[in-house]
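Residue numbers (the numbering used here): 28 to 316. Yeah, the Cβ is synthetic: ideal placement off N, Cα and C, and Gly gets one too. If you're wondering where the values come from, they're calculated on a predicted model, not measured in any experiment. Worksheet for the structure shown next.
Right, dumping it as structure tokens:
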């Protein structure tokens with residue numbers, strides 16, 4: 028079609044094989060949309076189109092992505108608010124006839140249905156990072172790293188130390204929105220057993236494979252694209268499972284190491300770390316110098 032339909036916060040460009048969604052930048056545009064920038068949605072990733080009345084003199088054109096076609100939607104798992112749905116285009120009611128025309132044109136071009144066996148919409152690109160309540164999360168495209176904060180991390184996470192998870196060792200990502208109670212991002216091991224008999228996972232604040240959110244920490248526009256990117260990398264790389272090449276850990280700042288040992292000593296004095304754990308972890312930290 029090659030036409031552009033502009034609405035509030037976004038403009039959709041209709042092409043012969045896809046819809047290019049460009050999100051506006053502005054104070055009223057949802058931060059998730061601004062973080063995404065633009066997304067190309069292949070027609071094979073869409074299974075339906077709707078046009079419904081909106082609020083206060085608007086209409087809403089929405090495309091429904093196929094299950095499994097978009098890592099962002101799969102990571103969100105139904106937790107996005109309606110206003111944060113990247114597949115909705117809100118238009119003034121007087122443009123309803125035009126929107127209906129494009130909806131009909133799109134429906135005529137759709138051929139895909141059912142669950143997609145591969146992601147058809149590109150995930151946000153690495154590197155990505157965000158600050159959680161108990162640490163900093165980073166993803167370089169090959170591995171996810173968690174570096175615990177001095178004040179927010181639990182003793183269990185301090186005992187475990189900073190974490191690095193190669194994508195080839197992961198089986199999935201669990202994201203619970205920071206807009207809900209007890210939000211978190213958890214990395215699931217590749218051999219995780221999803222059966223009812225599988226042992227319960229620890230609370231996110233006690234799990235070294237998870238970071239927890241909080242007021243101002245891990246906002247949707249930062250943590251959800253992060254989760255989607257990791258999820259896409261897991262699906263892309265998981266099947267082949269190449270053997271990771273060991274990379275020497277970078278040398279740490281001595282002041283950083285000293286501060287970590289001091290904090291470890293406080294945990295030891297409080298009885299949260301045993302003598303053996305304290306000695307072992309201290310030796311491990313000193314070895315990083």
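Item	Value
Run through the segment 110 to 186 for me and flag every whole beta strand (DSSP E) of 3 or more residues, listed as ranges in chain order.	115 to 119, 155 to 158, 162 to 166, 170 to 175
DSSP beta-bridge partners for residue 199?	215
Count the other CB atoms, across all protein chains shown, that sit within 10 Å of the CB of residue 101; report buried if there are 16 or more and exposed otherwise.	buried
May I ask you to report which of helix, strand or coil DSSP gives residue 35?	strand
Within a Cβ cutoff of 8 Å, which residues of the same chain sit near residue 130, ignoring the five residues on either side of it in sequence?	76, 77, 78, 88
Mind reading off the beta-carbon distance from residue 150 to residue 259? Whole number of angstroms is fine, and I expect it under 8 Å.	4 Å
Could you spell out the range, first to last residue, of the beta strand (DSSP E) harbouring residue 74?	73 to 80
Hey, how far is the Cα of residue 217 from the Cα of residue 174?	21 Å
Quick check: what's the CA-CA separation for residue 56 versus residue 237?	30 Å
Got a sec? Which residues, its chain only, sit under 6 Å from residue 172 by beta carbon, not counting five neighbours each side?	165, 191
In angstroms, rounded to a whole number, what distance separates the CA positions of residue 31 and residue 97?	23 Å
So the candidates are 45, 86, 203; which of them puts its Cα closest to the Cα of residue 230?	203
By Cβ distance below 7 Å, which residues in the same chain neighbour residue 50 in space, the five residues on each side in sequence not counted?	36, 37, 56, 60, 61, 63, 64, 65
Compute the distance between the beta-carbons of residue 235 and residue 308, then report whether it is under 7 Å.	no
Cα separation between residue 115 and residue 156?	26 Å
Going by DSSP, which residues form a beta bridge with residue 193?	170
State the CB to CB distance for the pair residue 108 and residue 248, rounded to an integer number of angstroms; the pair is presumed to be in contact (CB under 8 Å).	No, residue 108 and residue 248 are not in contact; Cβ-Cβ is about 12 Å, not under 8 Å.
Here's the rule: buried if 16 or more other CB atoms are within 10 angstroms of the residue's CB, otherwise exposed. What is residue 250?	buried
Following a CB-centred definition, is residue 182 positioned closer than 6 Å to any heavy atom of the ligand NAP?	Of the ligands one can find in the structure shown there are none, so the ligand NAP has no counterpart to examine.
When DSSP labels each residue in this structure, what does residue 91 get in the three-state scheme?	strand
At the level of alpha carbons, what is the spacing between residue 69 and residue 117?	20 Å
Given this structure, state the Cα-to-Cα distance separating residue 119 from residue 127, to the nearest angstrom.	13 Å
Assuming residue 193 and residue 169 make a contact with CB atoms under 8 Å, what is their CB distance in whole Å?	7 Å
Which residues share a DSSP beta bridge with residue 236?	Beta-bridge pairing links residue 236 to no other residue.
Considering residue 98, what are the terminal residues of the alpha helix (DSSP H) in which it resides?	98 to 103
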